[in-house]
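Colleague:
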DNA sequence: CGCACCATTGACGTGGTTCAACCTTGGTGG
DNA sequence: CCACCAAGGTTGAACCACGTCAATGGTGCG
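Chains as they are written, first to last, in the working numbering: chain A, 2 to 247; chain B, 2 to 247.
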């Protein structure tokens with residue numbers, strides 16, 4: 002299988018699709034050129050491991066395209082996805098050179114990478130970039146804590162509906178009906194939701210039976226009425242914030 | 002009931018018990034004096050609400066003594082504790098003036114508070130303090146994600162044992178046997194673990210029956226063999242890191 | 001065309017919840 | 001000083017949502 006997306010490697014930061022949402026969002030002019038010099042793109046195919054838990058991680062970076070999962074596991078092999086990385090999300094931790102989670106490409110994925118040392122220097126030199134990273138980290142923290150409520154207190158049906166709402170809000174490609182390609186297999190969905198594959202499958206079927214969603218092949222979902230799906234998620238559509246989660 | 006701990010209000014930062022672990026850890030000399038000018042202490046009794054979810058939060062600060070819980074709830078009232086704040090932990094979010102969680106004092110609690118605006122200026126002026134806040138936030142993020150694995154994949158017994166291990170490591174007051182006063186009621190433990198009170202109670206009794214812990218009144222726990230308790234938590238004591246979690 | 005992989009469906013078992021009763025403990029007032 | 005009460009905690013019995021185990025179905029790729 003040949004390397005994909007190599008053409009992206011020649012792109013200037015100023016042309017980057019995630020330019021205004023990633024760590025680099027607040028950079029301009031000379032800073033952007035410095036980043037263009039530092040960066041390199043690399044791609045993985047769906048299913049490939051990007052980093053193993055506990056392995057050295059000599060780079061940090063941003064997701065340009067695709068979707069990757071962060072997974073923690075118990076010693077006896079039970080796994081929990083603790084985060085999804087979507088375009089513009091940041092991977093890696095300044096000040097720590099070992100990965101705290103296993104990172105796997107859920108779909109074909111391209112990352113924009115910086116060597117850790119160069120990135121740390123950039124952060125130290127550029128306070129507004131450090132501040133951007135702080136804000137992004139705090140958004141991640143809020144998202145992680147929101148997900149703790151899902152894991153700890155929601156029923157299987159609410160969990161599945163919650164995930165579908167999140168995905169539809171992030172990656173829907175049409176309106177009326179909303180349509181999206183799920184970036185996750187049933188197994189990954191189960192691992193993210195603290196459920197089994199079978200339970201996820203049954204709840205998907207049940208939501209289709211209730212007329213709340215439609216299914217197209219393995220990965221496609223449709224939704225005519227996001228409000229109804231949000232109600233299944235245990236969220237009052239009137240109360241809910243309309244912005245996608247951070 | 003009269004205000005407690007008012008004497009702490011006169012303390013200089015250089016004498017503060019959390020001086021070397023809180024956001025201010027990297028501050029010295031003039032910076033520390035600036036903080037001393039800015040800060041004020043305030044105390045709450047066990048059970049009192051510090052902030053309501055969604056309410057304006059005009060301050061940020063650090064826990065000096067005691068323990069507070071962060072809680073998120075569903076619309077129909079199911080609650081999940083998404084974080085514990087122990088001495089030196091930071092409360093509030095720079096750049097956001099509304100609380101994302103309900104904050105409740107689990108025990109009598111004293112906070113060191115800064116007005117948000119003054120603190121934001123301090124952060125902007127003092128890069129190493131911004132960096133300290135970033136590192137603390139990333140530690141919180143790792144802790145939240147670790148807890149996601151607990152909520153999503155561990156059994157009731159493992160959950161209870163995990164919580165007891167964490168508490169013993171943070172607040173044990175003696176060795177052989179380790180002894181601690183639980184900062185949480187059974188209800189708070191259940192809300193933290195994604196369980197019911199009854200299940201927590203049964204698992205505590207079962208762990209005592211297995212000889213892994215001892216119980217002293219409502220809040221006291223003893224542990225002769227932390228390794229055995231860690232084994233109940235589903236953690237190999239040999240593999241585990243020996244430092245308390247961040 | 002056929003194989004592998006992913007997903008669905010069914011039957012059954014069980015860990016944790018629910019509902020209800022009871023016990024303990026610490027605080028308060030007679 | 002102790003009786004009483006409220007709040008927190010424990011225990012028991014029955015139920016059920018979700019997991020487990022197993023078979024079947026669909027889909028895309030070689």
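Each residue gets a CB set at the ideal place from its N, CA and C atoms; glycine is no exception. All values reported here derive from a predicted model rather than from experimental measurement.
#1: What residue from 114(A), 96(A), 153(A) and 89(A) has the CA that sits closest to residue 125(A)'s CA?
#2: Using the three-state DSSP reduction, which class does residue 1(B) fall into: helix, strand or coil?
#3: Pull up the CB-CB distance for residue 192(A) and residue 72(A), whole angstroms please, since I reckon it's below 8 Å.
#4: Residue 188(A) by DSSP, collapsed to three states: which one?
#5: How far does the alpha helix (DSSP H) with residue 204(A) in it extend, from its first residue to its last?
#6: Only counting the same chain, and skipping five residues up and downstream in sequence, which positions put a Cβ closer than 7 Å to that of residue 67(A)?
#7: Grab the span of the alpha helix (DSSP H) containing residue 162(A) for me, first residue to last.
#8: Take residue 79(A) as the anchor and find which of 150(B), 185(B), 221(B) and 40(B) has the nearest alpha-carbon.
#9: Mind checking the region 198-226 of chain A against chain B and listing, in chain order, the residues whose C-beta falls within less than 9 Å of any C-beta there?
#10: Taking the C-alpha atoms as reference points, what is the distance between residue 82(A) and residue 33(A)?
#11: Mind pulling the chain A residues with CB within less than 7 Å of residue 84(B)?
#12: Using a threshold of 8 Å, state whether the C-beta atoms of residue 152(A) and residue 164(B) are closer than that.
#13: Residue range of the beta strand (DSSP E) that residue 181(A) falls in?
#14: Using the beta-carbon count (16 or more within 10 Å), is residue 99(B) buried or exposed?
#15: What are the complete beta strand (DSSP E) segments, minimum 3 residues, inside the region 58-104 of chain B?
#16: Buried or exposed for residue 53(A), going by 16 or more other Cβ atoms inside 10 Å?
#17: Comparing C-alpha positions only, which one of 177(B), 238(B) and 103(B) sits nearest to residue 55(B)?
#18: Anything in chain B within Cβ reach of residue 128(A), meaning under 9 Å, just list it in chain order.
#19: Beta carbon of residue 142(B), beta carbon of residue 142(A): below 8 Å?
#20: The alpha helix (DSSP H) that contains residue 111(B), what's its start and end?
#21: Report the three-state DSSP secondary structure of residue 217(B) (helix, strand or coil).
#22: Check the Cβ-Cβ distances between residue 38(A) and every residue of chain B, and say whether any is below 8 Å.
#23: Using three-state DSSP, classify residue 37(B) as helix, strand or coil.
#24: Starting from residue 49(B), trace the alpha helix (DSSP H) in both directions and tell me its first and last residue.
#25: Could you tell me whether any non-hydrogen atom of the ligand SAM is closer than 7 Å to the CB of residue 94(A)?
#26: Can you pull the chain B neighbours of residue 149(A), defined as C-beta to C-beta under 7 Å?
Modeller: With the structure as the only source:
#1: 96(A)
#2: Here chain B has residues from 2 to 247 only, and residue 1(B) is not among them.
#3: 7 Å
#4: helix
#5: 198-210
#6: 106, 108, 109, 110 and 111
#7: Residue 162(A) -> alpha helix (DSSP H) spans 157-172.
#8: 150(B)
#9: none
#10: 33 Å
#11: 146
#12: no
#13: Start and end: 179-182.
#14: By the 10 Å Cβ count, residue 99(B) comes out exposed.
#15: 60-66, 69-74 and 80-86
#16: exposed
#17: 103(B)
#18: 125, 128 and 131
#19: yes
#20: Looking at the DSSP string, residue 111(B) is not in any alpha helix (DSSP H); the run it does join, the beta strand (DSSP E), is 110-116.
#21: DSSP, read as helix, strand or coil, puts residue 217(B) in strand.
#22: False, the Cβ-Cβ gap to chain B never drops below 8 Å.
#23: Correct three-state label for residue 37(B): helix.
#24: First-last for residue 49(B): undefined, no H or E at that position.
#25: Of ligands this structure carries none, so the ligand SAM is not represented either.
#26: Neighbours of residue 149(A) on chain B, chain order: 81, 83, 145, 148, 149 and 152.
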